[in-house]
Structures are given as C-alpha cells and as structure tokens.
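The block underneath contains the structure these notes are about, expressed in structure tokens.
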Amino acid sequence: MSLTEYFELVFTDYTLRTITLGTAVLGAICGMLGSFAVLRKQSLLGDAISHAALPGIALAFLITGAKDTNILLLGALVSGLIGTFWIRGMITKTHLKTDTALGLILSLFFGFGMLLLTFIQKQPNANQAGLDKYLFGQAATLVEKDVTLMVLVTGISLVILLLFWKEFKILLFDADYTKTLGFNTRFIDILITFFIVLAIVLGLQTVGVVLMSAMLLAPAAAARQWTNKLSTMVFLAALFGAFSGVFGTAISASENNLSTGPVIVLVAAVFVTFSFIFSPGRGLLFRELRFRKNRRDLQLQKTLQFMYGIAQTHEDFTHPHAVKILNNFQGFTRKTLQKLEEKNWITLTGQDWSMTAQGFRKAKNLYNQQEDE
Amino acid sequence: MSEKIAIQVDDLTVAYNYKPVLWDIDLVIPEGVLMAIVGPNGAGKSTLIKAILAIIKPIAGSVAIYGKPYEEQRKQVAYVPQKGSVDWDFPTTALDVVMMGTYGSLGWIKRPGQKEKKAALEALEKVGMLAFKHRQISQLSGGQQQRIFLARALVQNASIYFMDEPFQGVDATTEIAIINILKELRKAGKTLVVVHHDLQTVPEYFDWVTFLNVKKIATGPVKEIFNDDNLTKTYGINYKVAINQ
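Residue numbers (the working numbering), protein chains in the order written: chain G, 94 to 466; chain X, 44 to 288.
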C-alpha cells in the first residue's frame, strides 16, 4: 500500500480508520498533557511512569488470567500511580535528587515487570502470548472499544484542563505563590499528575512502555518553539501529537513491516527537529540570521560613529571629506559606504563623502538608551 | 504608625533536617511599619517569611495576622517571592503574571475578567511597566521582572506585604522606583516586611528592623537598634557601618 492509497482507504476501511483515529487522539492527549510535564521540568517523570506501568500489566494478567485490554490498562494505571507516588515520596522524604529517584523507580519497576513477563511466558497457559506487545506497542491491536476509551479520557481531560486552566497555569509558574493565595496546591498537583499518568497508560497499547515518554515530550517541546503563550502551546502540542499519530500510522501502514509506535515517535521527532531549526522566535536558523544581521548593523553604526567624529571637526558637518581618511578604520569597506548612503546617512560624491542631517542625528543619539525607550 | 499589632509570631521553630533553621522566634510587628529583616546567608530570613505564610510547615510555634490565624487572613497578605524562584522562560506575558495576583480573590475555577484586567493594568502603571504589558517575561531585564512581581502583589490590594529580596540584582533606577513604591504603601498605612541585604541602605529605606541569625537578635525602630552592637551580634564579626544620622 502506498501513502496515497492509505489516505484513500482511511475513510472507508474500518480497521485503518479505527487505528488512525486512535493514534490521532492519543497524540492529541499526550501533546496536551505533555506540555504541562515539560513546563514543570518533569520530562523524565513520563518515562518513569510508563516503565512503572509494566508490572501492573503483568500482575493484572496473573490475577485475572484474561487479556482484556481495559483490565490490563487498569493494572498499568495502578502501578503507574504507585510508582509516581513513590518517586514523590522519595524526593520529599529523603535527600535523593529527582533524577536519582526517577531512575531508581524506573529500573526497579521495569525490572520487576520483565521478571513477571518471563514468569508468565513459562506458564502452561495458551493465553499468555502477546503480553510483550506492551513493550513497544502494537497499534494494529486497537479496536473500536479502545478508541472509544481514548476519546472519552481525552474529553474528560480537556474539560478538566479548561475548568482548572487558571489553577494549572499559576501552579506551573509559581507554586509557592499559589499556596499563599489560598489554593490547595497539593490537589492541583495531584490532578495534573493523575491525568499525565492516565495519558501514558492510554498509550501503552499503541506506543509501548519504552517509547511512551517521547509521545509526551516531543510534541510539547516542538510546540514551545513556536509560541510564548501557554494556551497556544498546549493547542499546538495537541495538534503536533495528532499529526504525528496520523502520519506515523500512514507510514507504517504503507510500509508493511514497520511497527507503528516507533514510526509515530520518529515523526514526532521530525516535528521537534523542524521546530528547533525553523521556528521564527527561538529557532536556530533565524537566531543565526538575526545574529549576523545585528553584527552587520553594528559594523555600519561603528563606521557612522567614526565618520561623526570626523564631521564634528568642521563647523558645517555636511562638509565633504575624502574617503581615503577612512582607510585607517578597520570596519570600513566600499560596501558599508554604499549601505550608509542607502540609509540616507551620508552622500557620496566622487572620492568624497559628507554626512547628512539625518546621519548626524543618528550618530549623535547612537546608544543613548534613555532616548531609545 | 499605630499601636495595633499586624503580625505576631510566637515560639516559631523551623528545621529542614536536623539542624534548626529558625529557633524559637518571637516577633511582634506593629501595623504600618516598613521593616527590614537582616542577617547573614543562611540566617533563615526567607524561611521566616515562608513559615509565616505557611509555605513551610514549622515544627512548633504559631503565627497571628491581626490576631487571627493566617489561614483566615490570606486576603490581607501579599507575597513577593525571590525573583530567582521561578522559571522566567515560562510562556506568558507581563500582564498575565500580574493578573495572577487576582486569582486569590477569584477563587477556584472562576476566570479573570475585565475588572481584574483593569486592576492589573493599574498595577503595571504604578511600577512603570505599562509599556511592557504584552512582553514575554523572558525578554524583560532583571529589574523589570522584579517590578512585575511587585505589581502582582500590588494587585492583591493587601494590608501586609512580605517581600523576599526585592532589590536583588536590580539597578539603581529600579531600586529607587521600588523603594518609592514601598514608602508610598507605608504612607497608605500598609505594613511591609522586606528581606534585605544591603546594610548601608537600611537607615535610609526602613523605619523598623529585625536582626535575625537563626535566633532573633533584636527587633525595633531603626533609630534605636540599628547599631554596631546588634550588627556584631548578628554577623559575628566586628561590623561597622557608616550611618549618617
């Protein structure tokens, strides 16, 4: 199947439509909530949570003996939440730094999860195959029921987000201050964290334990580059996430053997790379261009300043001077003279230059901060 | 200055781990003073403010604002945290940060409206930052950021202001602008508690002072207690400041 075939089929083919919708919704909710994780500098929390969810999946299977997705995800939610609260407990109760606590919980839970998975594989139960798909995810297993759940959870988190927007924003920016205003910061904090955990758990089936954190972070990191407004950032992150989901699914469906989760993550990474380079405000490219332009402008102004010094020696500042006397000055080239003339700061006649009234004024007020503002 | 007590702290003790950061602090701050808290690094100046504001839970002791527990008097109190305590690259504008000062009176869920926006704009004007209202906060200078924080507290329209090093890292122009606003607030009968580092300016800026070094060394009018004796007791070395009186 080619990409064009995919986009023709996506509206008619039931399976393809379900999967695409699922990955799109997943991308959106992850982008939305991931923005908060990124702004709280809790980027790695997502990674720890998703790894911490693995033993929950295995235990849920061991207890129920069934492979019902919802039950497995419920197990993932519980163990993800336990992992999260252990991390917070470690940070507040011990001297351990955040990264240490995250790393510890991540590997501890993941190790335990892997242990359980191998234990399950050795059991004489025909039902056991396929649990390891939660490691890297398998979008192809998405059915309508799963997508309905995703849409439902996304809807709820959107409502919560809109309802507590003001509280989320102020907590993210200044938690101590929020406390003094009388808000229960613990409650707001737990609310955000709970929904982040929920989004992660929701994505385990599609993207898997190992790559899930990228779904959370990549769209948010890309979105941050394009805007200085929180609401726009959250919206853009949701959009980037959704697009990553759709394109990732499209690419993996058109190339038969590519697994969807990694492709989605890679598409999201393309968004990040593109944003880092090409975003107008913070992007590397425009920053470099601005930097070069500034340098050119400064060079020009330095030349003007030098000319100003010479022009001042005459009562009439428009009195022409020979270009030759500029030769001692390093910043000067023929081109800068032309540029200066273009700006109407000087006039050139033959081998002479003379300052205009405009240029004189400009040079006089150069770097005079007070008059600038 | 009236004889009314604005803030009363009794037996306040705070410890992060084993060593106490604040030890058995008793403090009475009368209404209408502009008070500096001075002391060396690690003396617990910021901690004292945070403990009064219930940001940090003390091991022992109590705090009363106008005779009642702080929780009942939140609306009377505004806080200016240390500038370095937040991420200034946060995606928001100057006006938006000042608007946060209105969130407390709005309460849960309710969004700020025109009335709150007007109040925020007035506060921005008061600190001379109206022209920067739509500026992304990372593009403000240190002094401008400090003014934004001050404006956010002004919006709260409180009776008592706690400020954690409002003069840290600001230039002379901003320092004068800020101190003028503080003096204006005091004239309007507000009480101000300011963590301050520059001992030279204490007599000029403040009328009340508390010396702190884990324990409270002294508290009272600057004219009476801001002397070499208390400075030496607080800073541990023979401290001499040129005070022009």
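All C-beta atoms in this analysis are idealised placements derived from N, C-alpha and C, irrespective of residue type, glycine included.
* Within this structure, are the beta carbons of VAL252 of chain X and VAL71 of chain X separated by less than 8 angstroms? -> no
* Asked: With respect to the beta strand (DSSP E) encompassing TYR122 of chain X, which residues constitute its N-terminal and C-terminal limits?
  -> 120-123
* Asked: DSSP puts ASP207 of chain X in a beta bridge; with which residues?
  -> X:VAL238
* Rounded to whole angstroms, how far is the Cβ of GLY127 of chain G from the Cβ of PRO312 of chain G, which I believe are closer than 8 angstroms? -> 6 angstroms
* Between which two residues does the alpha helix (DSSP H) containing ALA146 of chain G stretch? -> Careful: ALA146 of chain G lies outside any alpha helix (DSSP H) and carries neither H nor E.
* **Close Cβ partners of GLN288 of chain X (< 6 angstroms) along its chain, the five nearest in sequence each way excluded** => Per-residue confidence for GLN288 of chain X stands at a pLDDT of 41, beneath the threshold of 50, marking its modelled position as unreliable; the derived number appears in the next sentence. For GLN288 of chain X, where only same-chain residues beyond five positions count, there are no Cβ hits under 6 angstroms.
* Near ILE263 of chain G, which residues of its chain fall below 6 angstroms by C-beta distance, leaving aside the five closest residues on each side in sequence? -> THR271
* Asked: Closest to THR247 of chain G by CA distance: which of G:ASP225, G:PHE288 and G:GLN231 is it?
  -> The candidate whose alpha carbon is nearest that of THR247 of chain G is G:PHE288.
* Asked: What residues from chain G crowd round MET143 of chain X, counting only those whose CB sits closer than 9 angstroms?
  -> LYS259, LYS262, ILE263, PHE266, ASP267, TYR270, THR271 and LEU274
* To do: Kindly indicate which three-state DSSP category ALA97 of chain X falls into: helix, strand or coil?
  => coil
* To do: For the beta strand (DSSP E) containing ASN256 of chain X, list its first residue and its last residue.
  => Unbroken beta strand (DSSP E) run through ASN256 of chain X: 251-256.
* **Beta-carbon proximity list for PHE100 of chain G, same chain, < 8 angstroms, skipping 5 on both sides** => ALA343
* To do: Apply the 10 Å Cβ neighbour rule to TYR61 of chain X and answer buried if 16 or more other Cβ atoms are within range, or exposed otherwise.
  => Exposed, because fewer than 16 other Cβ atoms sit within 10 Å of the Cβ of TYR61 of chain X.
* Looking at C-alpha atoms only, which residue of G:ARG133, G:LEU310, G:ARG375 and G:MET94 is the closest neighbour of ASP282 of chain G? -> G:ARG133
* Asked: Any contact of the region 102-113 of chain G with the region 314-332 of chain G, i.e. 3+ C-beta pairs under 8 angstroms?
  -> no
* Would you list, in sequence order, the uninterrupted alpha helix (DSSP H) runs of no fewer than 4 residues that lie entirely inside the region 322-410 of chain G? => 323-347, 353-371 and 377-404
* When X:VAL257, X:PHE249 and X:LYS259 are compared against GLY75 of chain X, the one with the closest alpha-carbon -> X:PHE249
* **Extent of the continuous alpha helix (DSSP H) run through TRP179 of chain G** => In the DSSP annotation of this structure, the continuous segment of the alpha helix (DSSP H) that includes TRP179 of chain G starts and ends at 162-186.
* Pick out the complete beta strand (DSSP E) segments inside the region 215-273 of chain G, 3 residues or longer, and give them in chain order. => none
* **Residue-chain proximity (GLY147 of chain X, chain G), Cβ-Cβ < 8 angstroms** => yes
* Between the Cα of GLU237 of chain G and the Cα atoms of G:LEU309, G:ASN163 and G:GLY149, which residue gives the shortest distance? -> G:ASN163
* **THR108 of chain G at chain X interface by Cβ criterion, 8 angstroms** => For THR108 of chain G, the answer is no, since every Cβ of chain X falls outside 8 angstroms of its Cβ.
* So, does the CB of THR320 of chain G fall closer than 8 angstroms to a CB anywhere in chain X? -> yes
* To do: Excluding the 5 residues preceding and the 5 following VAL140 of chain X in the sequence, name in chain order all residues of the same chain whose CB lies nearer than 7 angstroms to its CB.
  => Closer than 7 angstroms at the Cβ level, and outside the excluded window around VAL140 of chain X, lie ILE180, ILE191 and ARG195.
* May I ask which residues mark the beginning and end of the alpha helix (DSSP H) holding ALA137 of chain X? => 137-142
* Asked: If you draw a straight line from the alpha carbon of LEU183 of chain X to that of MET172 of chain X, how long is it in whole angstroms?
  -> When rounded, the distance between both Cα atoms is 10 angstroms.
* Same chain, Cβ closer than 7 angstroms to LEU228 of chain X, five either side skipped, listed in chain order -> TYR204 and LEU235
* Across which residues does DSSP place ASP53 of chain X in a beta bridge pair? -> X:SER105
* To do: For the alpha helix (DSSP H) containing MET172 of chain X, list its first residue and its last residue.
  => Careful: MET172 of chain X lies outside any alpha helix (DSSP H) and carries neither H nor E.
* Looking at C-alpha atoms only, which residue of G:GLY334, G:ALA268, G:LEU359 and G:MET448 is the closest neighbour of SER128 of chain X? -> G:ALA268
* To do: Could you work out which residue in G:PHE202, G:PHE453 and G:PHE399 is closest to VAL302 of chain G when comparing CA atoms only?
  => Comparing Cα-Cα distances from VAL302 of chain G to each of G:PHE202, G:PHE453 and G:PHE399, the minimum goes to G:PHE202.
* Compare the C-beta of LEU132 of chain G against all C-beta atoms of chain X and say whether one is closer than 8 angstroms. => LEU132 of chain G counts as touching chain X.
* To do: Would you mind telling me which residues of chain X sit closer than 8 angstroms to ARG317 of chain G, beta carbon to beta carbon, in chain order?
  => PRO134
* To do: Please state if the CB of ILE98 of chain X and the CB of THR273 of chain G are separated by a distance shorter than 8 angstroms.
  => yes
* Cβ contact (3+ pairs, closer than 8 angstroms) linking the region 184-197 of chain G and the region 250-260 of chain G -> no
* To do: Give the DSSP bridge partners of ILE48 of chain X, in chain order.
  => X:PRO73
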